[in-house]
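Structure first, then comments.
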Amino acid sequence: MVPVVNWTKDKKGSTTIQSLLFIIIFVLILYMSFEVWKVVSIKQSLHAATYQAAKYIALNGLKWGLSSGMWAQKVWPLIVTELQNNSFVSEDSVRAGPGSPNPAITIWLNPEANMHNYCKKGQFWIKVELWHDVLVPPRFGEANGVPLQLKFTRTIRGQLECYP
Amino acid sequence: MFERLRALSRDQRGAYDLIQFALILPIFVVILYGSFELMKLASIRQSLDAGTYQAARYLSVHHKFYYDHRYNRESVDDTLRAECLIRESLLANSFISTDTPMHIVIRYFNGAGQEIRSPVNFDCVRIKTHLDNPDTSNLVFTVRTQITLPWQASVLGLSLGNVTLTSAHTTFVDCGPWYPPPLPTPTPVPTPTPGAGG
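Next comes the structure, spelled out in structure tokens:
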């Protein structure tokens, strides 16, 4: 049996092992940088989509009637199209429906607003929540990576445009 | 002198570090050049995105209703001006030379995803006539741009092929807050009842 002392003092191949460790860590950092870039890009798209939706409501909200549910229906295609302009937002991740839609749109409209006072009381906000899966690389002892679900939220306040 | 050189060649100290350095250096140089190439592409992509956004915004505001008879402008001019915004945004990027011919494809899509010639011919009056159930779905449009770079991306002389960058922005035709002003609530006028007050 080889004494442990000899094994610990054996420095043959240490450079290769060190380089290998360095490369693995470097590749992981590279992958995570790419994931961070994706997240930043998706957040930018989410902002653009929410901003366009708020603008759309401010200009057309009165035509659709003072109903936040109706507004959410009207801005859904605009938000989804703008999000899907980003190639990092997959078509599978976007789903409509009463269960758990992604993105989820919440609109609040000042309850005091009506067809006569909307110029003063027509405040609203729109919140869009988008879930995005990130694959975290496997840690020691794990076979596969772990999907991590991130939630991005963007809220924009607005005011219904007043008829001139 | 000769003895010193011989001693230096026999000296094994630092050999591990030298090998390690020799292993890491080429990788490091490739990553350095690769990062620069990536940065260049990201910068051009950013300019393309900014130009596409500006074009979509321009087309959102300038459309048929505004030029119709009062502004006396041709809609084709609006499309050309919007496309000029994209080109100007790209040319403002220092990585793109004015002498280099660029191949830019600009396409427009309606809310249903069908390709259209240009969104500027939308007539806002159509919305005004359907106040009961205004169909505003056709207001949404997308500007999609694609540029094929006139050079091939390369790292240390190794060509990575032609690069095509794309960008798209979705917006809507801004028809303004079209809605007839709400009629004033009629104030109840007391009708004189026969026989009262007399």
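In order, the protein sequence lines correspond to chains S and G. Every position in the first sequence, counted from 1, becomes a number in the numbering used here once 3 is added. Every position in the second sequence, counted from 1, becomes a number in the numbering used here once 2 is added. Yeah, the Cβ is synthetic: ideal placement off N, Cα and C, and Gly gets one too.
Residues sharing a beta bridge with residue i, DSSP
| i | result |
| --- | --- |
| residue 109 of chain G | G/146 |
| residue 171 of chain G | G/145 |
| residue 102 of chain G | Note: residue 102 of chain G sits in no beta bridge, so no partner. |
| residue 156 of chain G | G/161 |
| residue 218 of chain G | Residue 218 of chain G lies beyond the stretch modelled for chain G, which goes from 3 to 200, so this question has no answer here. |
| residue 150 of chain S | S/138 |
| residue 131 of chain S | S/108 and S/157 |
Test: residue i CB closer than 9 Å to a CB of chain S
| i | result |
| --- | --- |
| residue 174 of chain G | yes |
| residue 113 of chain G | yes |
| residue 105 of chain G | no |
| residue 55 of chain G | yes |
| residue 157 of chain G | no |
| residue 146 of chain G | yes |
| residue 52 of chain G | no |
| residue 26 of chain G | yes |
| residue 209 of chain G | One cannot answer for residue 209 of chain G here, as it falls past the ends of chain G, which runs 3 to 200. |
| residue 29 of chain G | yes |
| residue 142 of chain G | yes |
| residue 2 of chain G | Lying before the first or after the last residue shown, residue 2 of chain G is absent from chain G, which here runs from 3 to 200. |
Any C-beta of chain G under 9 Å from that of residue i
| i | result |
| --- | --- |
| residue 26 of chain S | yes |
| residue 80 of chain S | yes |
| residue 29 of chain S | yes |
| residue 113 of chain S | no |
| residue 62 of chain S | yes |
| residue 14 of chain S | yes |
| residue 88 of chain S | yes |
| residue 103 of chain S | no |
| residue 96 of chain S | no |
Report task. Check each residue of the region 12-23 of chain G: if its Cβ is closer than 7 Å to any Cβ of chain S, include it; give the result in chain order. Result -> 18, 21 and 22
Query - contact_flag[the region 10-22 of chain G, the region 151-164 of chain S] where n(CB pairs < 8 Å) is 3 or more - result: Touching, no, given that fewer than three Cβ pairs across the two stretches are closer than 8 Å.
Query raised in the report: So does the region 25-36 of chain G actually touch the region 90-98 of chain S, counting three or more Cβ pairs closer than 8 Å?
Result: no
Query - Members of the region 161-173 of chain G near chain S, C-beta cut-off 9 Å - result: Here the close residues are 168, 169, 170, 171, 172 and 173.
Query - Members of the region 51-75 of chain S that neighbour chain G once the beta carbon cut-off is set at 9 Å - result: Within the region 51-75 of chain S, the residues whose Cβ lies closer than 9 Å to some Cβ of chain G are 51, 52, 55, 58, 59, 61, 62, 63, 64, 65, 66 and 67, listed in chain order.
Query raised in the report: Okay, do the region 50-67 of chain G and the region 160-178 of chain G touch, 3+ Cβ pairs below 8 Å being the bar?
Result: yes
**Report entry** Segment contact flag, the region 60-78 of chain S with the region 133-147 of chain S, C-beta cutoff 8 Å, min 3 pairs
**Finding:** no
Query raised in the report: Pairing CB atoms from the region 99-109 of chain G with CB atoms from the region 145-156 of chain G, are three or more of them under 8 Å?
Result: yes
Requested in this report: Kindly confirm or deny that the region 4-11 of chain G and the region 111-120 of chain G touch, where touching means at least three C-beta pairs closer than 8 Å.
Outcome: no
Query raised in the report: Where in the region 55-125 of chain S do unbroken runs of the alpha helix (DSSP H), each at least 4 residues long, occur, reported from the N-terminal end onward?
Result: 71-87 and 121-124
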